[in-house]
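Visitor: Protein chains in written order, with the working numbering: chain A, 1 to 115; chain B, 116 to 228.
Yeah, the Cβ is synthetic: ideal placement off N, Cα and C, and Gly gets one too.
Could you have a look at this structure, given as C-alpha cells, before my questions?
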C-alpha cells in the first residue's frame with residue numbers, strides 16, 4: 001500500500017525562524033513529489049520535484065528531493081505570519097496502462113507562525 | 116486563465132439523500148481528479164477522468180460515482196448519503212494527467228445531517 005508520511009504534524013515558531021518540514025514516501029511507480037500550501041480551502045501549488053528536477057527554490061521557500069532516501073524536505077526561511085498554513089506533501093504515481101496519474105497525500109504539517 | 120471552479124461551495128443534506136457536485140477545469144485541461152478531505156483521513160483520491168473516461172478509481176464504495184462531459188467539466192455523485200460523507204470535496208485538473216501539476220478548485224463543503 002502506498003504511504004506518504006509527513007513530520008512533524010504540527011509546529012509553532014516565531015516570526016523570523018527557519019523551519020524544515022519532512023516528507024517520506026513508499027510509492028510504487030513514483031513519478032513526482034509535490035508540495036502544496038492549504039490555508040482555508042483549496043491547496044495551492046508550491047513545487048513539483050521529479051527525477052530531473054530534485055531541487056526547487058522560490059523566494060524564501062525551497063525544497064529538495066532525495067530519491068535514495070525516498071524523502072523530501074521543504075524549507076522556509078525568515079518565516080512570516082502569512083506562512084501559517086497546513087503544508088501538504090503529495091506523491092504522484094503513474095498507471096502506465098491506463099495513462100492515469102494519481103496523487104497520494106500525507107496528512108500534512110500544520111505550521112503556526114507567531115509574531 | 117480562470118482557475119478550477121466548483122459548485123456549489125456549500126451543501127447541507129440529510130442521510131439517505133443523494134448529491135451532485137460539479138467541477139469545471141482550467142481551460143485546456145482534460146484530466147479531472149476528485150478528492151475527499153476529512154480531518155481524520157486527510158486528502159483521499161476518489162477518481163480521475165480523462166476525455167470522458169474514468170481512468171482510475173480510489174478505494175471508495177460504489178455510492179460514489181462520477182462522469183466527465185465532452186467539454187471536460189466533471190460531476191461527482193454520492194447516493195444514499197451517510198454521516199461519514201461529510202467532508203470537503205476537492206477537484207483538481209491537469210492538462211493530461213501524467214506528471215502534470217494538479218491545480219485545485221476551492222472545494223465543496225458537504226454536511227450530512
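Against residue 108 (chain A), what residues of chain B qualify as contacts under a CB-to-CB distance less than 9 Å, listed in chain order?
Guide: Those within 9 Å of residue 108 (chain A) in chain B are 157, 158.
Visitor: Once DSSP output is grouped into helix, strand and coil, what is the label at residue 92 (chain A)?
Guide: Reduced to three states, the DSSP call for residue 92 (chain A) is strand.
Visitor: Name the chain B residues whose beta carbon is nearer than 8 Å to that of residue 41 (chain A)?
Guide: Simply 203, 221, 222.
Visitor: Any beta carbon from chain A within less than 9 Å of residue 199 (chain B)'s own beta carbon?
Guide: Answer no: the Cβ-Cβ gap between residue 199 (chain B) and chain A never drops below 9 Å.
Visitor: Determine the burial state of residue 116 (chain A): buried for a count of at least 16 other Cβ atoms within 10 Å of its Cβ, exposed for fewer.
Guide: Because chain A is modelled from 1 through 115, residue 116 (chain A) falls outside the range shown and cannot be assessed.
Visitor: Would you call residue 69 (chain A) buried or exposed, if buried means 16 or more other Cβ atoms sit within 10 Å of its Cβ?
Guide: Exposed, because fewer than 16 other Cβ atoms sit within 10 Å of the Cβ of residue 69 (chain A).
Visitor: Can you check the region 163 to 192 of chain B for any beta strand (DSSP E) of at least 3 residues that lies completely inside it and give the ranges in chain order?
Guide: Within the region 163 to 192 of chain B, the complete beta strand (DSSP E) runs of at least 3 residues are 168 to 172, 179 to 183.
Visitor: For residue 33 (chain A), would you say it is in contact with chain B, using Cβ-to-Cβ distances shorter than 9 Å as the test?
Guide: No - not a single Cβ of chain B is within 9 Å of the one on residue 33 (chain A).
Visitor: Consider the Cβ of residue 183 (chain B): report whether some Cβ of chain A lies at a distance smaller than 9 Å.
Guide: Residue 183 (chain B) does not count as touching chain A.
Visitor: Output, in chain order, the set of chain A residues within a Cβ distance shorter than 7 Å of residue 218 (chain B).
Guide: Neighbours of residue 218 (chain B) on chain A, chain order: 45.
Visitor: Please state whether the Cβ-Cβ distance between residue 9 (chain A) and residue 107 (chain A) is less than 9 Å.
Guide: Going by C-beta atoms, residue 9 (chain A) is nearer than 9 Å to residue 107 (chain A).
Visitor: Measuring only the C-alpha atoms, how far is residue 17 (chain A) from residue 152 (chain B)?
Guide: One C-alpha to the other measures close to 30 Å.
Visitor: So, helix, strand or coil for residue 200 (chain B), using DSSP?
Guide: Residue 200 (chain B) falls in the helix class under three-state DSSP.
Visitor: List the residues that DSSP assigns as beta-bridge partners of residue 151 (chain B).
Guide: Answer is B:159, B:204.
Visitor: Specify, as a first and last residue, the run of the beta strand (DSSP E) that residue 107 (chain A) falls within.
Guide: Per DSSP, residue 107 (chain A) belongs to no beta strand (DSSP E) and is neither H nor E.
Visitor: With distance defined between alpha-carbon atoms, name the residue in A:109, A:44, A:113 nearest to residue 5 (chain A).
Guide: Out of A:109, A:44, A:113, A:109 has the C-alpha closest to the C-alpha of residue 5 (chain A).
Visitor: Measuring CB to CB, does residue 85 (chain A) end up less than 9 Å from residue 41 (chain A)?
Guide: Going by C-beta atoms, residue 85 (chain A) is not nearer than 9 Å to residue 41 (chain A).
Visitor: Can you tell me the Cβ-Cβ gap for residue 146 (chain B) and residue 167 (chain B), rounded? I've got them flagged as a contact below 8 Å.
Guide: Actually they do not touch by this definition, with Cβ atoms about 11 Å apart.
Visitor: Helix, strand or coil: how does DSSP classify residue 118 (chain B) here?
Guide: If DSSP states are grouped into helix, strand and coil, residue 118 (chain B) belongs with coil.
Visitor: What does DSSP give as the partner residue(s) for residue 32 (chain A) in the beta ladder?
Guide: A:92.
Visitor: Would you give the residue range spanned by the beta strand (DSSP E) that residue 11 (chain A) belongs to?
Guide: Segment 10 to 14, the beta strand (DSSP E) holding residue 11 (chain A).
Visitor: In the DSSP assignment, find the beta strand (DSSP E) that holds residue 46 (chain A) and state where it starts and stops.
Guide: From DSSP, the beta strand (DSSP E) with residue 46 (chain A) extends over 44 to 49.
Visitor: Let me confirm a value: residue 49 (chain A) is counted as buried when at least 16 other C-beta atoms fall within 10 Å, else exposed. Which label applies?
Guide: Answer is buried; the Cβ neighbour count reaches 16.
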